[in-house]
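Heads up: the sequence shown at position 36 corresponds to 35 in numbering that gives the first Met the number 0, and the numbers run straight through without jumps. Virtual Cβ for every residue (Gly too), placed ideally from N, Cα, C. Fair warning: this is a prediction, and the values are worked out from it, not measured in the lab.
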Amino acid sequence: MASRRRYGLYGVLVVLFLAHNDLWYWRDARLVLGLPVGLLYHVVYCLVVAVVLAAAVYLGAPEPATPHRDHDDA
């Protein structure tokens, strides 16, 4: 993975880590779509984290090895 992508991904992971502690919704009793706003925040947060981690695996995985053929079976 290119160094620039790697550092960008690290930056996104740090931002997501900091956003996990949603101090701004602790005392908010509003309901959004029938859910407390803090719970809805964490549902959306989990979906975003799943996409980011899937991208990290996709971008960070090594290329698959190609099988080596010693001879030609005729």
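Just checking my contact of residue i with residue j at CB under 8 Å: how many whole Å lie between their CB atoms?
i: Arg3; j: Leu58; result: Not really, about 11 Å apart at Cβ, beyond 8 Å.
i: Val51; j: Leu17; result: Not really, about 14 Å apart at Cβ, beyond 8 Å.
i: Val36; j: Arg26; result: Contact doesn't hold; Cβ gap of about 11 Å is too wide.
Would you identify the three-state DSSP class for residue i, choosing helix, strand or coil?
i: Leu30; result: strand
For the candidate residues the options, whose alpha-carbon lies nearest to that of residue i?
i: Trp75; options: Thr65, Pro63 and Tyr40; result: Look at the range of the chain in this structure, 0 to 73, and you will see that residue 75 is not part of it.
i: Tyr44; options: Val14, Gly10 and Tyr9; result: Val14
i: Leu8; options: Pro61, Pro66, Val56 and Ala64; result: Val56
i: Asn20; options: Leu30, Leu38, Arg29 and Pro61; result: Leu38
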